[in-house]
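Protein chains in written order, with the numbering used here: chain W, 180 to 368; chain F, 180 to 368.
Below: the structure, in structure tokens.
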């Protein structure tokens, strides 16, 4: 089965006619490692499905990059506020690996929202994204960078291998040197 | 106009028949200051609308309270993962002020999700909550407690007056004494 349909049907069953409409409105692209899907200050005009690859969201804070979170395929993504309100994005979205990305325009997504199935799917995935964001927030509020690193190592060990050290450090909110120290200490214990 | 209807119509227009159904399924209650709407470990069985008052979400981290965020009336709230998956909540919800709260059960909310208007409303408000959560996450990742306090003071000065010092400190991730110091310094400057 098509990977986009398969992903949607994890959340919401689709009739063949609804799927035909969805398939017709999405287009797929290849994106190279390090390429930007969105730059801060631009309006995000698309809703995306990441079929393959890994992305990061980051902001520039006084010349320092802060990585907000990662999107791991297969998953949907966009710069939500920018996409919904047509305002300049406050964040960058960058591919960390070569990626395959499907996209749909704001207007075409609105057409799909007329379908009950798509509306349900959109609500469910937004809820899940909200849950993930809350989880990261809770960790940041209550755990040290070392605790967060160990948790990631246990829960998402293979993901950690795919993220460059500098980017992982900017997600944990520490200097790359501090991350090296934590890694050495973990490897010893 | 009824405050619940007024709130929903900020996001999504309602036909009179849809409103009748919504009104019929919600019940309103009074909650006293300091009362718990939800305790960690319990299943959150309701979706709520806070008509009046102020709430906080908090977790207990090794005996220390960590305040995740606040809900300011009028707004919708629930413990999302617990409510959707019927799993024990990982957080507490407590009234900081006397409150008026409307509630609807999981089953009745599912009935409402059959309405296109309610489904659209649920999707839009979930998106907004996601946006607020991301904003707090971004601040936590890139700003100091002092910066966050000053920002709150400028954007939500009246809210700060309503939150007890100890709770505000547990939201900023600092000791109450450190918050007192920041406040004295701000008052002088």
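Just so you know, even glycine gets a beta-carbon here, dropped at the ideal spot from N, CA and C.
If you follow the alpha helix (DSSP H) that residue i is in, where does it begin and where does it stop?
i                      : result
residue 289 of chain W : 285-291
residue 244 of chain W : Run containing residue 244 of chain W: none in the alpha helix (DSSP H); it sits in the beta strand (DSSP E), 243-251.
residue 328 of chain F : 324-334
residue 355 of chain F : 355-367
residue 342 of chain F : No alpha helix (DSSP H) holds residue 342 of chain F; DSSP gives it neither H nor E.
residue 184 of chain F : 182-188
residue 204 of chain W : 195-204
residue 319 of chain F : 295-321
Considering only the alpha carbon of each residue, which of the options lies closest to residue i?
i                      : options                    : result
residue 183 of chain W : W:209, W:231, W:214        : W:231
residue 341 of chain W : W:360, W:234, W:297        : W:234
residue 215 of chain F : F:268, F:316, F:196, F:199 : F:268
residue 337 of chain W : W:364, W:271, W:187, W:251 : W:251
residue 217 of chain F : F:191, F:261, F:303        : F:261
residue 248 of chain W : W:274, W:241, W:185        : W:274
residue 358 of chain W : W:228, W:367, W:328, W:213 : W:328
residue 321 of chain F : W:241, W:190, W:193        : W:241
residue 229 of chain F : F:323, F:330, F:299, F:272 : F:272
residue 346 of chain W : W:188, W:244, W:270        : W:244
residue 190 of chain F : F:367, F:300, F:365, F:366 : F:300
residue 220 of chain F : F:212, F:270, F:298        : F:270
residue 352 of chain W : F:333, F:195, F:323        : F:323
residue 201 of chain F : F:311, F:186, F:212        : F:186
residue 199 of chain W : W:181, W:319, W:361        : W:181
residue 192 of chain W : W:332, W:310, W:298        : W:298
residue 364 of chain W : W:325, W:313, W:188, W:317 : W:325
residue 253 of chain F : F:264, F:194, F:368, F:188 : F:188
Return the first residue and the last residue of the beta strand (DSSP E) that residue i is part of.
i                      : result
residue 239 of chain F : 233-240
residue 274 of chain W : 271-274
residue 217 of chain W : 215-217
residue 376 of chain W : The structure shown does not extend to residue 376 of chain W, since chain W is modelled only from 180 to 368, so the question has no answer here.
For residue i, which beta-bridge partners are listed by DSSP?
i                      : result
residue 133 of chain W : Residue 133 of chain W lies beyond the residue range present for chain W, which begins at 180 and ends at 368; the question has no answer from this structure.
residue 225 of chain F : F:284
residue 267 of chain F : F:222
Give every residue of the same chain whose Cβ lies closer than 6 Å to the Cβ of residue i, excluding the five residues on either side of it in the sequence, and list them in chain order.
i                      : result
residue 226 of chain F : 257, 283, 288
residue 350 of chain W : 246
residue 197 of chain W : 294, 296
residue 362 of chain F : none
residue 204 of chain W : 283, 287
residue 366 of chain F : none
residue 335 of chain F : none
Tell me which same chain residues have a C-beta within less than 7 Å of the C-beta of residue i, skipping the five on either side of it?
i                      : result
residue 354 of chain W : 348
residue 285 of chain W : 224, 262
residue 315 of chain W : 248
Identify, in the order they occur along the chain, each residue of the same chain with its Cβ nearer than 8 Å to the Cβ of residue i, setting aside the five sequence neighbours on each side.
i                      : result
residue 344 of chain W : 355, 358, 359
residue 266 of chain F : 222, 260
residue 312 of chain W : 248
residue 330 of chain W : 318, 322
residue 332 of chain F : 339, 365
residue 302 of chain F : none
residue 194 of chain F : 296
Using a Cβ cut-off of 8 Å (strictly closer), state whether residue i contacts chain B.
i                      : result
residue 249 of chain W : Included in the structure are the protein chains W and F, with no chain B among them.
Can we count residue i as close to the ligand SAH, meaning its CB is less than 7 Å from some heavy atom?
i                      : result
residue 284 of chain W : Looking for the ligand SAH in the displayed structure turns up nothing, as the structure carries no ligands at all.
*Touch check for the region 196-215 of chain F and the region 256-263 of chain F: three-plus C-beta pairs under 8 Å?*
Taking 8 Å as the limit for Cβ pairs, the verdict is that the region 256-263 of chain F does not touch the region 196-215 of chain F.
*Can at least three beta-carbon pairs, one atom from the region 236-244 of chain W and one from the region 292-305 of chain W, be found at a separation below 8 Å?*
Output reads no: the region 292-305 of chain W does not touch the region 236-244 of chain W.
_Cβ contact check for the region 270-284 of chain F and the region 305-312 of chain F: 3 or more pairs under 8 Å_ = Counting Cβ pairs under 8 Å, fewer than three are found: no touch.
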